[in-house]
Amino acid sequence: MAVLEIVTNPAPVLRTKARKVTDFGQELQDLIDNMVETMRAAPGVGLAAPQIDMPWQVIVVEFGDEQDEEIPQKLYSVVNPELVRFSQETEIGVEGCLSIPGFVGDVERPVSVTIKGQNRRGKPIRIKAQGWLARIFQHEIDHLEGILFIDKAEKVWPVEEEPAQVMPAD
Ligand code: ZN
0 MAVLEIVTNP
10 APVLRTKARK
20 VTDFGQELQD
30 LIDNMVETMR
40 AAPGVGLAAP
50 QIDMPWQVIV
60 VEFGDEQDEE
70 IPQKLYSVVN
80 PELVRFSQET
90 EIGVEGCLSI
100 PGFVGDVERP
110 VSVTIKGQNR
120 RGKPIRIKAQ
130 GWLARIFQHE
140 IDHLEGILFI
150 DKAEKVWPVE
160 EEPAQVMPAD
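Following numbering that gives the first Met the number 0, the numbering of the sequence shown begins with 0 at its first residue and continues without gaps.
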């Protein structure tokens, strides 16, 4: 496994629509392992393949809420993820991105979502998420469409000191 370099805005790959994965062979396994290692080294709570210059529909997410036993730390890797349902209810949260170092912004997103995709072996999976976890999944799936949080943010500002409620970068 290897920690890879994270590309930053305005790299063109971040604005490219990622391609669907059809081959679940060794290359994909290595890609996912490297993405997990890169995310953990950053450290971040999520990473999309375009962020390491690989325009494929692959995301990894690792998040747990220390304050909430119902949300233990869990690692997800999702291939060809799709947002299939989202709540009408939305909330504003502060997001950052490993590809946009030094900036955070207020982004309004649905509070809960359902994601459909495949696991690393190609088996269909479905994930229901809410709160921060739902936000992270939406942020990562946006990366696969070439969308960055600064496109959706109502306000973006440079990080001077970490406010308490900032989502860890991804
Ligand atoms: Zn990001």
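Backbone N, C-alpha and C fix where the C-beta goes; we use that ideal spot for every residue, glycine too.
Pro49 counts as buried, since no fewer than 16 other beta carbons sit within 10 angstroms of its beta carbon.
Of Phe23, Asp67, Ile58 and Met53, the smallest CA-CA separation from Gly130 is found for Asp67. Comparing C-alpha distances from Trp156 to each of Gly95, Glu139, Asp52 and Gln25 shows the shortest one belongs to Gly95.
In terms of Cα proximity to Leu46, the closest of Lys154, Lys151, Glu26 and Leu147 is Leu147.
In this structure, the C-beta of Asp52 stays at least 6 Å away from each heavy atom of the ligand ZN.
Closest by C-alpha distance to Glu153, out of Val93, Pro100 and Gly116, is Val93. Counting only runs of 3 or more residues that sit fully inside the stretch 62–121, the beta strand (DSSP E) segments are 73–85, 89–95, 102–109 and 111–117, in chain order. Distance between Ile149 and Val59, taken at the CA atoms: about 21 Å.
Assigned with DSSP and collapsed to three states, Gln25 falls in helix. At least one heavy atom of the ligand ZN falls within 6 Å of the beta-carbon of Asp169.
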